[in-house]
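Worksheet for the structure shown next.
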Ligand code: GDP
Ligand code: MG
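In our numbering, the protein residues as written are 3 to 737.
What follows is the structure in structure tokens.
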């Protein structure tokens, strides 16, 4: 027999820790179809039998309010695990049992893992487990998930319960006279028509009708609308009654009685506190300092800044290794393949693409490791708590601060890990608004472009301008978030329900597993798409190439140049070297110039070039000519490509993104560029479409619809802003 066990419980009750203890590395992480709620499955063996264990999302309740709750519910009723292990934080017994109560109502075969008994003991909480077991009528096994204590006993108990294979019977909890009468009426109707009975116990369906549960109501209508209408009628009569007499909905009465049921159990000598419950626990003492009105924010900025430093400085080395590895690989291919399309595709499309994907891996890994520390220790919840008041003004949540910082809130981040970091946000709308606005931050790839243009046009005040543009990024991102939250992502802010869990020392094992899970998802989800788009962009900038007619012209120029130099000079050029003497250098320069013009001509003739040219009449209203347009199209591959593409478009040959001084000079002297154009271009580059790797991440974290929205919304906004800057600037002749 192949047993299926589901782990369920409140957030922070230790589910994941237990899951990892039971399954070790034998696990599989995915998403539930259509939503980004983690679906984790792992395996273990017991007495030679294979057992599948599923880690359900943490929830406090089983209503139909959040994706997590729906997922847990649907999993239980559709997959019918043989047994559910409900993980209960014993240091927070009453609150955790609220969910347990709902499992009892659903009637699933249940075993309770009473976790964190070490913490309970430290806090002076004494538990009478035998008594709790009798009162609840469910097997209970005390465990310490973190150390693995009790996990074998737990497994035994779970297998024992599973093998009894009992039918699902809901626990008969009283909800007061009014509701109990209605329930009886509902249940008899439900049983008579076998209404949804193959999925839910009748009593459960009845309770859900009373709770006005949208999902069940809808299912009911689909299943048998006659019966459903009858049930709804009975419920609305009762609702009217409770409204009139008690001024509450049945939902609230049910919740009250659940709490009452739990209280009556816990207060019967199950839990004894040997010292005053109001005593300041260590966590509260720490919080006195860390969330202090004055010191709190200061410490927070220090911590966040350190995280930022940690992520970007530690990942610098591995990123550099990867870069030099791919540089080396490119070199090998350069030398071993004949010139031509295949070679160019492998170097620019494939190696560029794969390198692009893997280049982000160290960054994402270190960031998630840092976030895992903050999260597992309980500090992240405090950061969110402190930032909430500020972010709320812009329709965001306290937890949005991390994605913003990672994306370049301190200039030089990256929106890819930023988008991934939005996973800590629970409300879908706030998460979406954050995800869509983090690409406005000044990521590391925009820095060379900023440096190029500021260096060329505002050399006297470089640092000041850099700082101003960072502030501008924040301002625009937050205002855009506000705009989204009052238009397409309108909705009331979620109350700050994130609880402040007690501080804990994170475990290395937990940190590593958390980090690896998230990093692996990035590689797996984004990998193939990124490679495809990278090849596509290469094709756009390469095809159709130059006509034979043009190639002949360049070839003739070459021949003509060669004919003006002596055979000795040509021979010494062929020998190749880093530097040449007088005559030879002159020849090398001439040939280089011809090559550059040829590359420029080919680029102009490419699809991207033609698009850039076709857009010129429109883009000139922001001061961008066709060359700038091509660079901006190339910037969709990665923002730093803007510098190198501008180099090609201005026949500068290869321009190093790190040292673009000569290109800066060239732009400064170009008749089409001036300070106003430079500012318009900067604004456009900061705010237009995110690079496609970010776009793919947005798509994978939400949907392609939102990914396309972000391309269009950002580009449209950036263009309007650039046109405004250009037109106003030119009007006042600031150029
Ligand atoms: P989940 O949200 O239910 O998945 O909870 P986690 O497994 O992520 O655990 C939350 C925190 O509680 C982590 O920092 C764990 O290390 C810690 N933790 C889990 N079980 C125990 C335990 O039995 N004792 C102690 N002291 N800490 C635990
Ligand atoms: Mg978890």
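Heads up, the beta-carbon is just placed ideally off N, CA and C, and yes, glycines get one too.
All of these numbers come straight from a predicted model, not from anything done at the bench.
According to DSSP, residues forming a beta bridge with residue i
i: residue 353; result: Note: residue 353 sits in no beta bridge, so no partner.
i: residue 128; result: 274
i: residue 10; result: 88
i: residue 48; result: 51
i: residue 144; result: 116
i: residue 445; result: 415
i: residue 56; result: 8 and 43
i: residue 151; result: 146
CB of residue i within 8 Å of CB of residue j, strictly
i: residue 305; j: residue 95; result: no
i: residue 23; j: residue 153; result: yes
i: residue 1; j: residue 441; result: The structure shown has nothing for residue 1, since the chain only spans 3 to 737.
i: residue 486; j: residue 432; result: no
i: residue 680; j: residue 626; result: no
i: residue 264; j: residue 103; result: yes
i: residue 271; j: residue 130; result: yes
i: residue 419; j: residue 365; result: yes
i: residue 191; j: residue 219; result: no
i: residue 700; j: residue 709; result: yes
i: residue 685; j: residue 723; result: yes
i: residue 478; j: residue 689; result: yes
i: residue 142; j: residue 101; result: no
i: residue 571; j: residue 554; result: no
i: residue 633; j: residue 644; result: yes
i: residue 575; j: residue 638; result: no
i: residue 489; j: residue 387; result: no
i: residue 522; j: residue 288; result: no
i: residue 176; j: residue 193; result: no
i: residue 704; j: residue 434; result: yes
i: residue 583; j: residue 728; result: no
i: residue 195; j: residue 237; result: no
i: residue 739; j: residue 367; result: Because the chain spans 3 through 737 in this model, residue 739 falls outside it and cannot be assessed.
i: residue 545; j: residue 596; result: no
i: residue 542; j: residue 607; result: no
i: residue 678; j: residue 731; result: yes
Spatial distance of residue i from residue j (CA atoms)
i: residue 450; j: residue 475; result: 16 Å
i: residue 329; j: residue 297; result: 47 Å
i: residue 600; j: residue 385; result: 55 Å
i: residue 649; j: residue 556; result: 20 Å
i: residue 49; j: residue 9; result: 20 Å
i: residue 467; j: residue 636; result: 25 Å
i: residue 719; j: residue 235; result: 51 Å
i: residue 210; j: residue 167; result: 25 Å
i: residue 396; j: residue 161; result: 50 Å
i: residue 139; j: residue 174; result: 12 Å
i: residue 507; j: residue 164; result: 34 Å
i: residue 562; j: residue 603; result: 19 Å
i: residue 2; j: residue 260; result: Residue 2 lies beyond the range of the chain shown here (3 to 737); nothing can be said about it.
i: residue 308; j: residue 82; result: 46 Å
i: residue 391; j: residue 400; result: 7 Å
i: residue 147; j: residue 512; result: 11 Å
i: residue 716; j: residue 621; result: 16 Å
i: residue 369; j: residue 456; result: 29 Å
i: residue 471; j: residue 408; result: 17 Å
i: residue 640; j: residue 447; result: 7 Å
i: residue 2; j: residue 590; result: Absent from the structure is residue 2, since the part of the chain shown begins at 3 and ends at 737.
i: residue 52; j: residue 85; result: 15 Å
i: residue 324; j: residue 453; result: 24 Å
i: residue 427; j: residue 669; result: 43 Å
Task: Three-pair Cβ contact test at 8 Å for the stretch 100-116 versus the stretch 178-193 - done: no
Open item on the list: Count Cβ pairs between the stretch 243-260 and the stretch 85-92 that sit closer than 8 Å; are there 3 or more?
Closed with: no
Open item on the list: Using 8 Å as the cut-off, can you tell me whether the stretch 42-61 makes contact with the stretch 16-26, which would need three or more C-beta pairs spanning the two stretches below that distance?
Closed with: yes
Task: Environment of ligand 1 in chain order, Cβ to heavy atom below 6 Å - done: 11, 13, 14, 15, 16, 17, 18, 19, 60, 117, 118, 120, 121, 146, 147, 148, 378, 506, 508, 509 and 512
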